[in-house]
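According to our numbering, the sequence shown holds residues 252 to 1278 in order.
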Amino acid sequence: MKFNLGDWVLKRPYLIFSVLLLIAVLGVIGFFSMPMNLFPDANYPQVVVIIAEPGAAARDVEADVARPVEKALSAISLVRTVRSTSQDGMTAVAAEFDYKKGLDSAATDVANALKRIEARLPAAARPPEIFKVSDATAPVFTLALSAKKGSHLDLAKVRQLADNEIKEALLRVPQVGDVEVFGGFLPEIAISVDPVKLRALGISLAQVIEAVRSQNVNIPNGLIIRKHDQYRIKTYGEKKDLARIAAIVVAARGGVTVHLRDIAVVKVSYRDRQSLFIGNNREAIGVNILRPEKGGHVTTTIAALEKALPKIKARFPEINFKIADTQKNLIETSIKNMAQALRDSIIMTVLVIFVMLASMRLASLAAVSIPLVCFMTFAGMYMMGYELNIVTMTAIILSVGLLVDDTIVVIENIQRHAVKLKKPIRRAVVDGLNEIVLADWAGTFTTVIVLVPIMFVGGYPGKILRPLTVVLSLTLLSSFVVSVTVIPLLARYLAGKTSRNRFERIFEFLDRFTITPVTDFFSNLVIFALSHRLIFILAGVALFVVSMRQMPLVGRDLMPSMDTGIVKVAFRTEADSSLQATEKIARQVKAVVESVPGLKLLALEVGSEPGVVSFGTGRTPQDGSITAHFVDRFHRRQTIWQLEETIRQRAGKIPGITSLSVYDFGATPLSSIAAPVDIMISGPEPRVLAALAGEVQGRLKQVRGLTSVSRSWRIDKKEMLLSIDPQKAARFGMNPAAISAQIQQAIQGEGASILRVTGEDGYVIRVRYGQGERNDVQDIMAYEIATPRGPVPLQEFAALAGSFTRTVFTRKDLSPVIDVHGYRATTSISRLHERIVKALAGVELPPDYRLSYEGEYKNMGDTGKRLGKSLGIAVLLLFFSLVITFKSWVNPIVIMSAIPLSIIGAVWGLLITGQHMCMPATMGMILLTGIVVNNSILLIDFIEQARKRGADLVSAIQQAVKMRTRPIIMTASCTIVGMWPVAAQKAIGLERLSPLAVVVIGGLLVSTILTLVYVPIFYSLGRKPSA
């Protein structure tokens, strides 16, 4: 016995409504419970190793530390790239892994690799610090801490409180993963030794360091165990305050004890500053708050912080807590815009249905089904652990137009049975549903089946598009369920009514002059086309070929640019600039940014600090970065790229800036992509690399559409090279290493010990010469070196010469490299690449040197291959699913003839709107293949049914076209207006996904028109005219 779905549905209203409403209620709960984000987490897992070697030059750090670490990390499984940046005193080696490698597993492998080479690292190198870097290490909140007016606190004290008490208070907040503090003013105990007094007393600096080290220490002496008790003996030597440190005995001369205070000044100070932070117009201490690595979400962390901050502020009444940077405003504005776009999409879709059907009753059926389906989808997202972001919300908006397709098909067919065939309403519902359910399911199934390959595409496309396809699939499947259950139950009461109100009569009257003539036009056109098939086929092929030839004009991107209202400004000053000199220039750049209207928040950072990853690594005291938040694009006249050009023009005139890059937040879709355009040159000799980079940079500056062209390093840093004569040194019983160690102690000093403070991390006690004795080169040459034969001036066995070197040493995949970076506004990457290749055609590379195109262009190639493969698999799945459905090899080919017709519209849609072919546009092509065949399925299904009833071929085709024109136009119109808010970029960040909607809208506009003509033509080929 054949299963009767219509009858089954009508007999079980309570079951159906109970189950679906329960799921919808869960969806409401899920909607308000799901965390929010801007985009899905998509960055590759990365582990950064930071190793400090105090006092070492960048060249030595690269050779002795970076290289062995690189080799060790390169041998780890699933590593994609290894890159190192070395500067004076430290190196940062970053290993990027494939998505298949878990971050914890990667960090473990890195730690094991470092253990294997630790014996090969210099003795002076500090233990490696390992940091796991992911989307979670991007700060969700940046606080600027400064002393209030009239407070007794200075920034050094604020830093001390931030490092200890404030950081601990923030870490206790639920949903806070980590807290990092930045901005210089790292407190320490400074012991400034007077070299004149040392000389007079015959004491060396090494003796002073050893005295501090040996007399500020607790030494366990052992455990005494007796019959009834036991106790430990410990030599107690730790000093608790500055006075006791100053009283440390250094030596005895002539029966007189020499104390530390006799030869040095002991005070609380801070380390030589190599970084600074300015937040909201005041120098401050920056505090970055990070979400937990696992299970942490941006909005939940921000909500927890906002709840806890008032209590933390109350504990520190003398400190200003100001927000310098936050993701909150961008995310909340974007999601709010997306919700408004969803609302507009629903309203426009329901209006289209009302206009097309001229029935408020039938339009209300769609109005009921849309929110029900949406909340059913939210329930699925909630149970799957998804979050609300631009991608998942876009999927919901895109699906509004698609989900009513099922509803319209069912409503229209039930209405036809009730009104035109004059059946009782119950019989009309049963027969109308049973007649259309197979075609309805086939349409839904074909749309879903083309999305399946995207769910398994892998790589970066998988991270972005998998949530989109899963949510779209959930929505479409929910729509089908609602269309064959809820809609028939409600249609029993609302369909079949012939009485119409005033508005309905107006639209019914207008229908006679709009849809009815269009229906008649297509039914007559298809008859004409069947008589002139060759002409129409040749015209269609010509149109397709002409359209494909326009593809180069469209251009290609990895992801489109977007206007989030956040501008980044990176600048570099002269290589020998001090932090103070850089700060002066930084404040001028800051003033330029502040002069641009619409500024809301600003944070400025200069330099970097070891172990502080979220504020950036590898920056020198000559490097600065500004993050500026402006009002969103709906509340300003200029685009973000116009603001950038204003800043670029004004800041470029500031004296002392050697490099300036102004770009928008999200200029690259992945943080591992340094810039949209990245020309990397590799080779052995630094000076050759610098010369080649200079030539490339000069040529790129002439490329139209490319902005902020810069290179990663120059050979412009002044360096004083001390040459020690080994023979002269040997005469005094010394060697170059011993002499160098004494110079290092005098200039850089040595952390001799720690002053421990209860409840704090403790203060490093640094011993070295006073500031006045280590500022001038000539003073250094006059240093007296302690030798077995007595003190000898350094100039007796050393000479000093000037030279130039690099500020930073960069390597990638075991080879020295230099990068030339460039940014863009909205010019496509493919077009820029063509111009760049042409501009660099004359660059001659010496042997062993290589130039490669990195940046977005490289990633675009991998993404294109993955999506191309997915498109091919989608077409195959679609074809075989249609074969199974129609039990035919020919009909699926006829149905799929609509796909090339839709591509014509997609190409022209991109061209007219100025969008580029990119990852979302390719996703739109794949989605389009599933959508456009739905109309063909309905058309072919009705032709087949008519022929089974005895109609001849031409009559069956004309009848099917006449009957299906209205629902085909209606479903296409609903899809188009439903996707319009996405195509029109009605939310912050929707620029990234609008090409998807543009492709679908353009494809549907053209394919809807052509399908009604060309699918019947292809169907008629090789078929007999008779039934």
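C-beta: ideal position from N, C-alpha, C; glycine also.
Sorted by chain position, which residues of the same chain lie with C-beta nearer than 6 angstroms to I496's C-beta, five sequence neighbours on each side aside? For I496, same chain residues with a beta-carbon under 6 angstroms away, outside a window of 5 residues either side, are K490, V517 in chain order.
Give a yes or no on whether the C-beta atoms belonging to S585 and I641 are separated by under 8 angstroms. Yes, these two residues count as a Cβ contact at 8 angstroms.
Mind checking which residues open and close the beta strand (DSSP E) that includes M802? No beta strand (DSSP E) contains M802, which is instead part of the alpha helix (DSSP H) from 802-805.
Rank G434, K558, H403, A303 by C-alpha distance to the C-alpha of P425 and give the top, closest one. Looking from the CA of P425, the closest CA among G434, K558, H403, A303 belongs to K558.
When the Cα atoms are used, what is the spatial distance from V721 to F626? The straight-line gap separating the alpha-carbon atoms of V721 and F626 is approximately 15 angstroms.
Spatial neighbours of V688 within its chain, please: CB distance less than 7 angstroms, with the 5 preceding and 5 following residues excluded, ordered by chain position. L256, V735, listed in sequence order.
How big is the Cα-Cα spacing for G340 and T871? Distance between the alpha carbons of G340 and T871 is about 11 angstroms.
Rounded C-beta distance between L855 and I529? I'm assuming under 8 angstroms. Beta-carbon to beta-carbon, L855 and I529 are separated by about 4 angstroms, close enough to satisfy the 8 angstroms threshold.
Cα separation between I1069 and S910? Rounded to whole angstroms, I1069 to S910 spans 15 angstroms at the Cα level.
Quick one: grab the DSSP three-state call for E369. The answer is helix: DSSP assigns E369 an H, G or I state.
Which parts of the stretch 1182-1262 are runs of the alpha helix (DSSP H), unbroken and 4 residues or longer, counting only runs that do not cross its ends? DSSP assignment within the stretch 1182-1262 yields the following whole alpha helix (DSSP H) runs of 4 residues or more, N-terminal first: 1204-1234.
Pull the bridge partners of H510 from the DSSP assignment, please. Per DSSP, V500.
Across the stretch 657-668 and the stretch 1233-1247, are there enough close Cβ pairs to call them in contact, namely three or more that are closer than 8 angstroms? No: the two stretches stay apart, fewer than three of their Cβ pairs being nearer than 8 angstroms.
Compare the beta carbon distance of V1184 and I1146 with 8 angstroms and say whether it is the shorter of the two. Cβ atoms of V1184 and I1146: closer than 8 angstroms.
Residue burial classification, I470 (beta-carbon count within 10 angstroms, cutoff 16): Counting Cβ neighbours within 10 Å, I470 comes out exposed, since fewer than 16 surround it.
Could you give the DSSP three-state label for S729: helix, strand or coil? When secondary structure is reduced to three states using DSSP, S729 falls in the helix class.
Hey, how far is the Cα of R678 from the Cα of L672? Straight through space, the alpha carbons of L672 and R678 are spaced by roughly 11 angstroms.
How big is the Cα-Cα spacing for G1254 and V732? Here the alpha carbon of G1254 sits roughly 27 angstroms from the alpha carbon of V732.
Would H1167 pass as a contact of R884 if the rule is Cβ separation under 8 angstroms? Between H1167 and R884, the gap from beta carbon to beta carbon reaches 8 angstroms or more.
For K485, the three-state DSSP class (helix, strand or coil): Reduced to three states, the DSSP call for K485 is strand.
Taking 8 angstroms as the threshold (C-beta atoms), are D576 and T767 in contact? No; because the gap between Cβ atoms is not below 8 angstroms, this pair is not in contact.
Roughly how many whole angstroms lie between the Cα atoms of A1278 and L277? The pLDDT assigned to A1278 is 47, lower than 50, so where the model puts this residue is not dependable, and the model offers no usable value.
For E1242, count the other beta carbons within 10 Å of its own beta carbon; 16 or more makes it buried, fewer makes it exposed. Which is it? By the C-beta density criterion, E1242 is buried, having at least 16 other C-beta atoms within 10 angstroms.
Going by C-alpha to C-alpha distance, which of Y265, F254, L1152 sits closest to L794? It is L1152 whose Cα lies nearest to the Cα of L794.
Assign R743 to buried or exposed, taking buried as 16 or more other Cβ atoms, counted over all protein chains shown, within 10 Å of its Cβ. Burial call: buried.
Pick out the complete alpha helix (DSSP H) segments inside the stretch 322-374, 4 residues or longer, and give them in chain order. The stretch 322-374 contains these whole alpha helix (DSSP H) runs: 354-368.
Just to confirm the assignment, what range does the beta strand (DSSP E) spanning D429 have? In the DSSP assignment, D429 falls within the beta strand (DSSP E) that extends over 429-433.
Where the beta strand (DSSP E) through T577 begins and ends: Run containing T577: 570-577, per the beta strand (DSSP E) assignment.
What first and last residue would you give for the alpha helix (DSSP H) that runs through A669? Element bounds for A669: n/a, residue is neither H nor E.
Are the stretch 920-928 and the stretch 970-988 touching, with three or more C-beta to C-beta distances below 8 angstroms? The way I'd put it, the stretch 920-928 doesn't touch the stretch 970-988; fewer than three beta-carbon pairs between them come closer than 8 angstroms.
Could you tell me the alpha carbon to alpha carbon distance between L973 and A1049, rounded to whole angstroms? If you take the alpha carbons of L973 and A1049, they lie about 7 angstroms apart.
Ignoring anything shorter than 4 residues, give me the alpha helix (DSSP H) runs that lie fully in the stretch 1080-1133, in order along the chain. Within the stretch 1080-1133, the complete alpha helix (DSSP H) runs of at least 4 residues are 1080-1090.
Measure the CB-CB distance between L1128 and V703 and report whether it falls below 8 angstroms. A contact, by the Cβ cut-off of 8 angstroms.
Do you know offhand how far R1086's Cα is from G1160's? A straight line joining the alpha-carbon of R1086 with that of G1160 spans about 25 angstroms.
Do W964 and T1061 have their CB atoms nearer than 8 angstroms? Contact: yes.
Given a cut-off of 8 angstroms on the beta-carbon distance, is the pair L957 and V913 in contact? Taking 8 angstroms as the Cβ cut-off, L957 and V913 do not qualify as a contacting pair.
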